[in-house]
Structure formats: structure tokens, C-alpha cells
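Residue numbers (our numbering), protein chains in the order written: chain A, 1 to 539; chain B, 1 to 131. Glycine included, C-beta positions come from ideal geometry on N, C-alpha and C. A quick write-up on the structure given underneath.
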Amino acid sequence: MTRMLFPSVLLLGAAVMAQTAPDPSGRGNLPVTNVDYKIERVLVPSIAYPVDVWATVWHPTNLPGGPYPLVLILHGNHGICRTPGTLNDVCTATPPICPAGFIQTPQEKGYNYFAEKLASHGYIVASINANSINCRANAIPERGRLVQEHLRRWSQWNTGAGAEPFGGRFAGKVNLQNVGLIGHSRGGEGVRAAYNMNRDENSPFGIKAVIEISPVDFGRGLANPLYNVDDVHFGLVLSACDADVSDNQGIRALDRSLFLQEKNPTTKVQKYVWGSNHNFFNSEWLPESTLFPCVDLPIMTTRPPQEAVGAVYLMGMIRAWLGNENFPGLLTGDLPPPPAVQVPVDTAYLESPSRTWTVENFTHAAAPRLNQAGAVNSWINLNIRSCNAGNCALAPVNWTHDVGTFVADVSWPQRPGATASLTIPLSSGGEGVDISQYRYISFRVAAKYSELNPTNPGTQNFTVQLSTESGSSNGVQTASYTNIPFPVGGLFRRSILKTVRIPLSSLGEFDRTKVTRIHLIFDQNPTGAIFLTDLQFVP
Amino acid sequence: MRRFQALLLLGALLAGSTVCLAGFRNARYQVKRSAAKNTRTAAIVTVLEFEVNSEDVFPARAVDPVLYIGDIEVREYRYTDTENKTLIFTCFEADKLKDNAPVYLQYENDEATRTDLPPFRRDEVGKGWRR
């Protein structure tokens, strides 16, 4: 595939600096070994049929030192029987049994492209084959139960006596209090289910990170439980050209996390990858459609660029959250991605609600007039209203965010008179507030599908400024930190909220102990239309 | 806004050949009365099974195929063989189905896959294929 550097990547790079975020997807120093386990026809609690407990494992050869963090990977729903020598996979009437002439689809091998490298950094990585659960309706809770069963097996293998098929091979080598779960597609909500089930059982395993690739969110809308991701680091990799989960519904799990206070503050990261499709994150899956009519950037038609994106972010999240490594600017999106990422990636990076101060998220019954502080917002030359769910965007534009997420629907058609602006007071009495404990002002924003906005590769842009009791800060432009692109997507464009994070230090000298108001001044483009929410001060 | 709508229409037309914009070809169904175990209550109950067949494959995807019969959503389904051109949907709410209710198959909210089928007729149960 030709290199797909999109102008907005260049724009962001030029605007910030030539520096890029470090690339965590390289190979580590440890040689690695691959071994499989498969225990057939196991009866697992709360699964109505027997399942195979089956995975392929990458681990440091001979396991020097340790114990190592454990990473479990779970694929999604896909055909379970393969015509040998092809990638043509189908379902059967009797999963996981395949008739003569077929082999079982090796779904678990589809993540080798990063699992092997991750192991070389000192991780035990087990990628699960869930063929027993595929080709059935829904089965999200069953996926969670299957992950739990794998964790129970690893607990046995970690004991001195060990257990079949490994005996004592992994005895004392697995840190079951430092576990990461990665799930793809239905596997995404499946690992989220596993995290919730583990928590409901008083957390016998220390699950520190839940990472989902193009996940479903059946819990919002179907009769499933609603699985959330509070008190755990959460990573979300979304495909802008997803022809399967075409509404990117997994984003709703991140939305919901913003309303849940945490005992142990964690971070939530969303990477919305332009051009990527649903299936190429598993190298055993054929793409759902290479002709899917992606807008503004073609769908990826070869695997290497998409697998490179997957390796960068999946390895980066695991190494940061389980390994406590630091990759400045990678997860926050404060720096452009490393060169391995050849397509634009829109980032939402959110600190725990327990650590941030949300000034305004437009959930007040009288929003947008009244804000979270009970103060009166004001605006000049703006059209503004609060909306959620289907009220935000009507067909043909798809609005995916969770029903609990409210945004301000803001537009500034060109009008004579004063520059359009929105002012958000920090207190109802007008007195200044001490924000010196915070380092950033952050908000989520997305361009609307509107002719008021510049089309890609242009960007929406406006000025952010703070007032204090005695004056005001400098104003800075959002485009200095990130772009706000025209909505992209597949068959339907989507407005996906991303974060703008502005260091308070960039606002110059001002009295941080007596800040009174946030000003958004729409002075950079003559017209515009955005969705705006989650204005926060962030440590 | 007209410019954007035209672009969208173009996208939809381009998609037609690849993402099943017009639904599954030559789809038909037949309905049979059967007995099944309710997966939630474990009780054996009388159900209606809708066998839906097409000359196209029903792929295994992240989102499920759903059979919509009036305001009833039938979500329990199974494959019958490795051709994957037939799905059997099990309706546990047979008593709630309304005569002449419109019927269509669609993968969740993926409207490109919507496949309209003949209306449900209670007196056609057990009488063979409807297309």
C-alpha cells in the first residue's frame, strides 16, 4: 500500500514540533517461546454448553526472573471452520466441531504480530481461541466467563504443583495481580465482561487494564448487563472504516466511564484510526470489504500498515499500564504518532473523573444556560443548545456516543457584529477559583457535518482563554495542539469526540489561584459548527 | 447541505456491490412450530422457528442478524450447515406475533443489510416457503 500520510498529520506535526511520540512496538531484549494449550469440552460455570479452553502462549524463553504480567487476548465472532490453505471461514451447526474437509479457524494466531513482541518485553501473553462460543447469537457474558476460566487455569499453573498440561513450567512465574485484557470486536465487550465479573467476585485477579479493538456494546440496547470500565485503565482502538461495527458503538464504554467516580484513578484512551477496517487487526481474518466506501481517506487494503498501528497502541497501552513505562505524548496524543503510524489518528485522552474537575458537560437540566458550577454561561453570536443521543445528529449523520453523554451543539454562522464566543464561569458568585493544582485545560470536541466547517484536510480552530479576578491569560489556538477534522467514517460520516489538551503553562502568566471564566472565542474561521463537552481542568 | 447529501448517495451506491446495500438476494423463509428450551428459564416451550434462506452467505460478524416481525425482534438464531446460506431463528414470543406483520432481516443497525421478506401470516405456518 502506498504511504498514506494525510495532510492533517503533517499539520499537527508542524504545529506542535517535529518531534513524535516514542514507538513502543519494537522487539524487546528477551528471546521468546511459543506454546499452545487446549483442554477440550470443559464445563465452565454459567456457560450452557462445553467449551474448549484453548490458547496460544508467548513467553520469555526459560522464564528467567519473573513473575511476569499476564496478558490475555480474546478475538471476536467469526467463522470457526476453515477450508485448509485459505482464509475462508464459515460457521457450522455444531460449534466448535467442524465437518470433514475443514480445520478449526486459528483465530488465536491472528494477534501474533504484536503478542510475540510484547512477550519479548517480559510479558506472558496468551491469545484465546473462542471457537466454542462463536457462530452463536450474542454470547457476551459467555465470553467473559471463558476469560475467567483461563485466569483460573493460569492460577493453577502458577502454583508450586502446577497442573496439566504444563506441570510446574509456570510455577511462580505469573503475576496474577498485574493482568491486562485485550479484546477485539465481540471479544472487546467480552473482556469488559470478564473485568466486571472478576470485580463482582471481589477481584481474585488484579486486572489493571482493559483494552478493546473495534468493540461492540450490546449492553446498551440489548438485554445484556451493561459492562463498564471504572477503576481500570481503559484503551479503545476504533476503526474509522469499520464495515462491521460500523457505528463504532464501543465508544460508549469510554463515555460512561466519565460519569463513574473511581477508588483508584485510571486513565481512558481512545484512538480513532482513519482508514482502518474491522478485520485487519486479526491477521487470520479477511477484511470485511476492501471496497468499503471510506470517506476522505481510503480503507486500508493491505495488512502491514494496520497491524503497525495496532502494535504501536496495543503494546504502548500494555507497557504503560502494566509495565509502568513512559511513552511521552503517545497515549495523550500530545505529540504526533511515531512514524510507524501512517494514517491520522484522533485521540481522546481522559484522566479519571476522580482526579479532574469537570466545569461543564452540559448535563444540567437548564444547560446550556446553567453549568455544573451552577453559574450562568453566556454567549455572543452563537447558536447553541444541549443535546444527547438522537437529538444531536439526524440521518444521514450517525451520532454514536452514549445516551448519557450530553454536548453543546454550537455553531457560528457568519454574522455582523462582535466575534462569536462562549463564556463559562467557574463559580456561581463570580469569585475566582484556585486551579493551581491542575496542569491542563481539556475538553472533548468534534466538528459537525456542516457546510460551516472546512472540509478535510482543513481543520476547525478557535481560541481558548481564561479570565481571572485581575485580568486574563493569553489566548491560544486549538490548532496549536490538535486538529478538529471534518467528520470521517465509512458509509456514514460520524462526529467522534476527541480531546483538546492545552497546557496551562502555554496561556502565559496569570493568577491561577483566582480564575473566574473560560472563554472559547470563535475567531479563527469565519463560520463553524462543533459539538463540545467535558470542559475539565486536569492534573 | 445538498453537496454533502450527494456525496453520501454516491457512497451508498458504491457500497451496493460490496456491503449488501440491497440486502440478501432471493431471500425467503418458512415457519414451523417446534419445541425448544428457553435458555433463560430452561423450560420447554412451544416456539415458532423461522428458517431464512438466501443465495448469499449470512456472514458471522460482530453484530448479529436479527429477524424483525412487526415490533418483535427475534435474536436467537443458529446456522444449519457450512454453506451458511440458511439461518433458523427461534421466536419465543409466538403468541405476540401479529398477523400480516412486516418481516425483514437485518444485521443489528446495519441498514445496508436490510432484507425485506413477505409479511407474517399465521395461517401459513407449516405450509412451506414464502418469498
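Listed along the chain, the chain B residues whose CB falls inside 8 Å of the CB of A:T92 are Y79, D81, T82. Using a CB distance below 7 Å, the part of the stretch 30-64 of chain B facing chain A consists of T39, A60, R61, A62, V63, D64, ordered along the chain. According to DSSP, A:V538 shares a beta bridge with A:Y440.
DSSP places A:Q306 in the helix class (H, G or I) of the three-state scheme.
By the rule that beta-carbons nearer than 7 Å mark a contact, A:V403 does not touch chain B. The straight-line gap separating the alpha-carbon atoms of A:L151 and B:D123 is approximately 52 Å.
For A:A137, the nearest CB of chain B lies under 7 Å from its own CB, placing it at the interface with that chain. Apart from the 5 residues on each side of it in sequence, A:R444 sits with its Cβ closer than 7 Å to the Cβ of A348, L497, K498, T499, T533, D534 in its chain, given in chain order.
The C-beta distance from A:S46 to A:R145 rounds to 5 Å, short enough to meet the 8 Å contact threshold. Two segments are said to touch when three or more pairs of C-beta atoms, one from each, lie closer than 8 Å; by this definition the stretch 400-419 of chain A touches the stretch 377-388 of chain A. Partner residues in the beta bridge of A:S467, as assigned by DSSP, are A:S472, A:R517. Within the stretch 335-421 of chain A, the runs of beta strand (DSSP E) that reach at least 3 residues and sit entirely inside it are, in chain order, 345-351, 357-360, 378-380, 383-388, 406-412. In the three-state DSSP reduction, B:A35 falls in the strand class (E or B). Taking the beta carbon of B:E76 as reference, the chain A residues within 8 Å of it are A137, listed in sequence order. For a cut-off of 8 Å, the C-beta gap from A:F166 to A:Y37 is around 7 Å, short enough to register as a contact. Assigned with DSSP and collapsed to three states, A:E212 falls in strand.
A:H401 has its alpha-carbon roughly 10 Å from the corresponding atom of A:R494. Excluding the 5 residues flanking it on each side, B:A36 has same chain C-beta neighbours closer than 6 Å at V47, T90, in chain order. Rounded to whole angstroms, the gap between the alpha carbons of A:R252 and A:D217 is 7 Å. About 7 Å separates the CB atoms of A:N456 and A:V488; that is less than 8 Å, so the two are in contact. If you draw a straight line from the Cα of A:P298 to the Cα of A:F492, it is about 14 Å long. Spanning the alpha carbons of A:T363 and A:Q536 requires a straight line of approximately 14 Å. For A:W58, the CB contacts under 6 Å within the same chain, skipping 5 residues up- and downstream, are V32, N34, A115, E116, A119, V125 in chain order. Shown here, A:G219 sits in coil according to DSSP, grouped into three states, outside any helix or strand. Its Cα nearest to that of B:D99, the residue B:R121 stands out among B:Q106, B:R121, B:R78, B:D116. With a cutoff of 7 Å on beta-carbon distance, B:V57 and B:L67 are scored as not near each other. Beta-bridge pairing by DSSP links B:E49 to B:K32, B:T90.
Taking a C-beta cut-off of 7 Å against chain B, the contacting residues of the stretch 57-87 of chain A are G76, N77, H78, G79, C81, listed in chain order. Residues of chain B with a Cβ closer than 8 Å to the Cβ of A:R186 are, in chain order, A62. A straight-line Cα-Cα distance of about 44 Å links A:A529 and B:N26. Of all residues in the stretch 408-427 of chain A, none comes within less than 7 Å of chain B when Cβ atoms are compared.
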